[in-house]
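Colleague: Counting with our numbering, you get residues -12 to 168 for the letters of the sequence shown. Here a beta-carbon is modelled for each residue, glycine too, at the ideal position from N, C-alpha and C. Note that the structure is a prediction, hence the values are computed from the model and not measured.
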Amino acid sequence: MKALLIADVQNDFCPNGELPAPKGDRIVSVINRLMNHFDKVVASKDWHPIQTVHFDKWPPHCIQDTEGAEFHPDLNFLKIDLVLLKGTGNKDDGYSAFEATNHNLAEYLQTNMVDAVYVCGLTTEYCVKQTVLDSLKNGFKTYVISDAVEGIYQNEEDVPTAFKKMKEAGATVITSYDILK
Ligand code: VGL
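1. Are the CB atoms of residue 16 and residue 84 nearer to each other than 8 Å?
2. Following the continuous beta strand (DSSP E) through residue 33, name the residue where it begins and the one where it ends.
3. Within the present structure, is the beta-carbon of residue 139 separated from the nearest heavy atom of ligand 1 by less than 7 Å?
4. So, at 8 Å on beta carbons, what are the nonlocal neighbours of residue 10 in its own chain, with the 5 sequence-adjacent residues on each side left out?
5. In three-state terms, what does DSSP make of residue 106?
6. Specify, as a first and last residue, the run of the alpha helix (DSSP H) that residue 156 falls within.
7. If residue 72 and residue 45 are in contact, beta carbons under 8 Å, what's the gap, nearest whole angstrom?
8. Compute the Euclidean distance between the alpha carbons of residue 168 and residue 77, then round it to the nearest angstrom.
9. Please return the same chain residues whose Cβ sits closer than 8 Å to the Cβ of residue -1, not counting the five positions on each side in sequence.
10. Do three or more CB pairs link the stretch 126 to 136 to the stretch 149 to 167 at distances below 8 Å?
11. Name the DSSP bridge partner or partners of residue -8?
12. Give the DSSP bridge partners of residue 58, in chain order.
13. So the alpha helix (DSSP H) residue 93 belongs to, where does it begin and stop?
14. Rounded to the nearest angstrom, what separates residue 93 and residue 18 at their Cα positions?
15. What are the residues that DSSP puts in a beta bridge with residue 137?
16. In whole angstroms, what is the alpha-carbon distance linking residue 95 and residue 89?
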């Protein structure tokens, strides 16, 4: 079974949000088209309390129950089977969807006989990268959909470096075309 794992396609990571990927909203229509091609679709949300050590490093973003923490309004959330909340404590960064506190993602995937995980979403250098690395550690065949992710680009080289690390760890980089064709 194949799962699409959508990382953090939330308002605060999109243009006009508190911690935007400059082109974050570009990937929403791509992701919507991909959803029908998978047995399971899971989506993570960064879901922070107002006070957290995470905000020592970052401007406050994706605060629980705020507009900024909602999915981008165009994301087809009706197709999402499971929503994972991460970064929910005040002492964790929660970059990886496998650190979700409301569900055990690895267990959910195993229970549903998923052997291949396809990761897309925001942001390439943080949540996407960390989720891909954890997916590999959990033994899943792991793909990154390169035109369905976007970065924050604090530093120009962070995105290429993230792709390099994911590949070195064993991830396969593909495009949405490889799935939709
Ligand atoms: C993220 C930067 C800061 C992410 C979270 O989920 O990708 N990026 N906090």
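Modeller: This is what the structure holds:
1. Taking 8 Å as the Cβ cut-off, residue 16 and residue 84 do not qualify as a contacting pair.
2. In the DSSP assignment, residue 33 falls within the unbroken beta strand (DSSP E) covering 27 to 33.
3. Yes, Cβ of residue 139 sits closer than 7 Å to a heavy atom of ligand 1.
4. Its chain contains 2, 137 as the residues whose beta carbon lies nearer than 8 Å to that of residue 10, once the 5 sequence neighbours on both sides are disregarded; these appear in chain order.
5. In this structure, residue 106 counts as strand in the three-state DSSP scheme.
6. Residue 156 -> alpha helix (DSSP H) spans 145 to 156.
7. Residue 72 to residue 45, Cβ: 17 Å. No contact.
8. Rounded to whole angstroms, the gap between the alpha carbons of residue 168 and residue 77 is 43 Å.
9. If we look at residue -1 and ignore the five residues flanking it on each side, its Cβ neighbours are 5, 6, 7, 33, 48, 49, 55, 56.
10. Using a Cβ-Cβ distance cut-off of 8 Å, the stretch 126 to 136 and the stretch 149 to 167 are in contact, since at least three pairs of beta carbons, one from each stretch, lie closer than that value.
11. In the DSSP secondary-structure assignment, residue -8 is bridged to 29, 106.
12. Under DSSP, residue 58 takes part in a beta bridge, and its partners are -3.
13. Where residue 93 is concerned, the enclosing alpha helix (DSSP H) stretches over 92 to 98.
14. Roughly 22 Å between the two C-alpha positions.
15. Looking at the DSSP output, residue 137 bridges to 109.
16. If you take the alpha carbons of residue 95 and residue 89, they lie about 11 Å apart.
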